Amino acid sequence: MALQVQGLVDWRGRPVDPRRHGGLKAVMFIYVLIVMTNMGNIPTMLNIVSYLHGTMHMGIADASTTAANFYGAICVFSFLGAFISDSYIKRFYTILIFAPIEILASILNHSYIFRII
């Protein structure tokens, strides 16, 4: 029992064993979600001002303001998710709740992009 983390218990009240709890599976799931998010956000970040200016016929200032508001909203939702996971429900349950929503949004975004091309 030397590998138990002092003072931490799992959801059943048993002492945490680092060989059984967390680990590579949980980390890889989070990394895949981060990569999927970046696959959708980084190209959008690079092209959103030119898209809003050229295709949507916005002025440069309005397009820049809209892009800044869009990415500000992304940051606010990230902070909201962090607050919920730290205050009310556990991080794992937060990921289980919001990961399917994020995956669905990513699939819809990519299907729309490939439909245009």
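Each residue of the sequence shown is one higher than the one before, counting from 7 in the numbering used here.
Cβ atoms here follow ideal geometry from the backbone N, Cα and C, with glycine treated the same way.
Since the structure is predicted, the reported quantities are computational estimates derived from the model, not experimental observations.
Could you pull out every residue in the same chain whose Cβ sits closer than 6 Å to the Cβ of residue 91, ignoring the five residues on either side in sequence? 97, 100
When you compare only the Cα positions, how much space is there between residue 25 and residue 75? Rounded to the nearest angstrom, the gap between the Cα atoms of residue 25 and residue 75 is 43 Å.
Quick check on residue 106: does DSSP put it in helix, strand or coil? helix
Tell me, to the nearest whole angstrom, how far the beta carbon of residue 33 is from that of residue 22; I am working on the premise that it is less than 8 Å. Contact doesn't hold; Cβ gap of about 16 Å is too wide.
Under the assumption that residue 42 contacts residue 77 (Cβ atoms under 8 Å), give the Cβ distance between them as a whole number of angstroms. Not really, about 17 Å apart at Cβ, beyond 8 Å.
So what does residue 21 bridge to, in DSSP terms? 15
Look at the alpha carbon of residue 63 and the alpha carbon of residue 81, and state the distance between them as a whole number of angstroms. 26 Å
Is the CB-CB distance between residue 58 and residue 71 below 7 Å? no
With H, G and I counted as helix, E and B as strand and the rest as coil, what does DSSP make of residue 95? Three-state result, residue 95: coil.
Assigned exposure category for residue 69 - 16 Cβ within 10 Å defines buried: Label assigned to residue 69: buried.
What are the start and end residues of the alpha helix (DSSP H) that includes residue 43? 30-60
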